[in-house]
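Structure record follows, encoded as structure tokens.
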Amino acid sequence: MPPRKAFMDDTTIICSKEDVTRRILTRLDDLMSWCRMEFNPKKSRSLSIRRGKKAVQQPQQGQWTNWDTSTQRSLTWNDIWHMAPLRISFLIRSVHDLVPSNAKLVRWGKKDDPTCPLCQGRQITEHVLSSCKVALSQGRYTWRHNRVLQEHASVISTAKGEIHPSSTSSTVFTTEGGVKKSHGGSIPINTHRKGLLDGCDDWVVSADLPEWERHPDVIRKTALRPDIVIHSASTQQIIMVELTVPYESRMEEAHAFKEEKYLDLTKELKKDGYEAKVMPVEIGARGFLDSYAYGLLSKLSMGGNKRTKAPRLVAEIAENSSRWI
């Protein structure tokens, strides 16, 4: 089916109810008003502040204002065009806490019991995506974590020892007397971007997954199992990457917990003569990455198109996994 025809069919299904159609048309009218508005540079900041202030005052829809460490997630029109309607619906509803959980249905007058059918706790969006003890024991959150870890480890394995070639170039000018002069220096080919992986070429990436290579012996003899270990035997360097897929409002808490958890192991490795570093990263349950996840890619010398696509792929896997949960 052509994309335009599929989009028209999806729009027809979504707009089959009068209240839904009215909300969509109202929102489109607001967006068109914003597009037609001419901003004064001196006043546009006050408009943004008022808009943000209104969001802060909304305890449900404005929860995203409390995500201190998560970065903004941008969706292009091309992304929206190719996204399934159910995916768009889940992303918008989950961000603004409008997922029809039992507690929300009670609030809307659609149900009488707000409890979770699995653990009998209060079923809110946060509970479903990250806090249900029964879902944890069933392996739902572990399944999501391992899916994100698989993609994240693949991204890191392609970044190790990456060489970014650049061609040698110079500009030639001709003076009035016909004398040729060159301007600009040459750039060497196959130059490395500065990063944590510089200085050696025997880096080995291992992950705490069955199909991946096992961690080095110096890690396996301890009680801890980092999600990803980047190890160089020649220089005795170890980089431990610890992944967490928390609820976005708890990213900072999760980061501090993982740093504290691996502090003693880092000290022990340094006593044994290793140059050890632990780098916790957080990928939110709804697909929002924290600044540490982007910083890790920079420190591993990943740039260009790969650095743009990698976070998007990881975010999409986290979001889709949460939708199934």
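For what it's worth, the UniProt record's numbering labels the leading residue of the sequence shown as 1, then goes sequentially. Where a beta carbon is used, it is the ideal one built from N, C-alpha and C, also for glycine.
C-alpha gap between W77 and D272, whole angstroms: W77 and D272 have their C-alpha atoms spaced approximately 52 Å apart.
Cut-off 6 Å between Cβ atoms - residues of its own chain near F90, not counting five sequence neighbours on either side: Sequence-distant Cβ neighbours of F90 in its own chain, meaning closer than 6 Å and more than five residues away, are R323.
Candidates Q120, K267, T115 and H152, of which the one nearest I219 by Cα: Measuring from the Cα of I219, the nearest candidate turns out to be K267.
Assigned secondary structure, M302 (DSSP; H/G/I helix, E/B strand, else coil): Here M302 sits in coil by DSSP.
Residues near K270 by beta carbon distance below 6 Å, same chain, minus five either side: Contacts found: A276.
Residue burial classification, Q120 (beta-carbon count within 10 angstroms, cutoff 16): So Q120 counts as exposed.
Sequence-distant residues of its chain with Cβ nearer than 8 Å to V106 (five each side left out): Contacts found: D112, D113 and P114.
Buried versus exposed, by CB contacts within 10 Å (16 or more), C200: A residue is called buried when at least 16 other Cβ atoms come within 10 angstroms of its Cβ; C200 does not meet this threshold and is exposed.
G139 beta carbon near the ligand FMN (any heavy atom closer than 6 Å): The ligand FMN is not among the ligands present in this structure, which contains no ligands whatsoever.
Option nearest D217 by Cα separation, candidates L263, E242, D264 and Y274: Checked all of L263, E242, D264 and Y274; the closest Cα to D217 is Y274.
Own chain, CB closer than 6 Å to S321, minus 5 neighbours either side, in chain order: Correct list, in chain order: R144 and R147.
Cα-Cα separation between P246 and S130, rounded to whole angstroms: Taking the straight line joining both Cα atoms gives about 6 Å.
Sequence-distant residues of its chain with Cβ nearer than 8 Å to R214 (five each side left out): S206 and R220.
Strand pairing of H96, partner residues [DSSP]: DSSP links H96 through a beta bridge to no other residue.
Three-state secondary structure assigned by DSSP to W81: If DSSP states are grouped into helix, strand and coil, W81 belongs with the helices.
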